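This report concerns only the one structure given below.
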Amino acid sequence: MARGGAVGAIRGHTVELRPVEESDAPFIHRWMNQPEIWRYMDYERQYSLADVLEDIEAARGSGQPLTILVDGRPIGRVGLNQFRDRDRICSLYLYIGEPECWGRGYARDAVMTLLAFAFDRWDLHQVELWTLSDNDRAIPMYRRCGFVEEATLRDRSFKEGRWVGHTVMSVNRDEFATARATWDADAPGIVTQDSQAT
C-alpha cells in the first residue's frame with residue numbers, strides 16, 4: 411500500500427484541514443515572517459510572497475501541506491512528509507500562524523485529526539517529528555497527542571544569537587489510540603472525511 415499522497419478535506423472537532431490553495435499565500439507569507447513563528451522554525455531567511463507561491467505550485471496535486479481552517483478562516487498549516495513506505499513511518503510538521511489562536515486547542519485538534527486519518531487510512535506504524543527544544547507550547551501539546559520524547563540533540567540550530575537543541579518525538583499506533591480516546595472524550599464527535607484519499 412502506498413502511503414502519503416493527496417488528502418481531501420478532513421474535519422476534526424474544531425478545525426477543518428484542506429490542501430493548501432493559492433489563496434492561502436498572503437496568510438502563509440505573513441505567518442512565515444512573524445518573529446513569533448519564525449523563532450520556532452528551522453529556516454534562516456525571510457520568505458517572499460513569490461517564494462510562498464512557488465512552494466504552493468510545487469505542492470499542487472500532492473495534497474500536502476494542509477491548511478488549518480477554523481470557521482473557514484486559515485489559521486495555520488499541518489502536514490506529513492518524508493514517508494518511508496517500507497517502514498510505515500513519516501514525519502509531521504505544524505504551525506499555527508495566528509497568535510490569537512494559540513492555546514485554544516486548535517493545534518491539538520489539527521494534529522489529532524491528521525493522525526487519525528493517517529493511522530486509519532494509510533496503516534502507518536509511527537509518526538515522528540522534530541521541534542526546537544525550547545518550544546514550550548508545542549512539546550506539551552505533542553505529548554497530549556501521544557508523542558513520546560526519544561532524544562534531545564544539543565546545539566542543532568543557531569537561532570537569535572544562541573544555540574538551540576532539537577527534541578525528537580514519535581507516536582506509534584498504540585500510543586495514538588490511547589491519546590485518541592482522551593481527545594474524543596474531550597470533544598465528542600467523529601472525524602469525517604469529505605473526499606477520498608489516493
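Our numbering runs 410 ahead of the 1-based position in the sequence shown.
Here a beta-carbon is modelled for each residue, glycine too, at the ideal position from N, C-alpha and C.
Please read these numbers as outputs of a predicted model, since none were measured by experiment.
Item: Evaluate Ser-580 with the Cβ neighbour count: other Cβ atoms within 10 Å of its Cβ, from every protein chain shown; 16 or more gives buried, anything less gives exposed.; Value: buried
Item: Go through its chain and collect everything with a Cβ distance to Asp-544's Cβ below 7 angstroms, but skip five positions before and after it.; Value: Val-574
Item: I believe Leu-502 touches Leu-539 by the beta-carbon criterion, under 8 angstroms. Please report the beta-carbon distance rounded to the nearest angstrom.; Value: 5 angstroms
Item: Less than 9 angstroms between the beta carbons of Leu-427 and Ala-548, yes or no?; Value: no
Item: Within its chain, find whatever has a CB closer than 7 angstroms to the CB of Arg-449; leave out the 5 residues flanking it on each side and keep chain order.; Value: Lys-569, Glu-570
Item: Determine the DSSP secondary structure at Met-442, reduced to helix, strand or coil.; Value: helix
Item: Under the rule that 16 or more other beta-carbon atoms within 10 Å means buried, what is Glu-508, buried or exposed?; Value: buried
Item: Taking the alpha carbon of Pro-436 as the reference point, which residue from Thr-424, Val-462, Thr-592 has its own alpha carbon closest?; Value: Val-462
Item: Put Phe-586 into one of helix, strand or coil per three-state DSSP.; Value: helix
Item: Go through its chain and collect everything with a Cβ distance to Asp-434's Cβ below 6 angstroms, but skip five positions before and after it.; Value: Thr-477, Pro-484
Item: Should Ile-466 and Ile-438 be called a contact, given that it needs their Cβ atoms to be closer than 9 angstroms?; Value: yes
Item: Would you give the residue range spanned by the alpha helix (DSSP H) that Phe-568 belongs to?; Value: Per DSSP, Phe-568 belongs to no alpha helix (DSSP H); it is in the beta strand (DSSP E), 558-569.
Item: Mind reading off the beta-carbon distance from Met-551 to Arg-518? Whole number of angstroms is fine, and I expect it under 8 angstroms.; Value: 5 angstroms
Item: Can you look up Leu-463 in the DSSP assignment and give me helix, strand or coil?; Value: helix
Item: Go ahead and pull the three-state DSSP assignment for Val-430.; Value: coil
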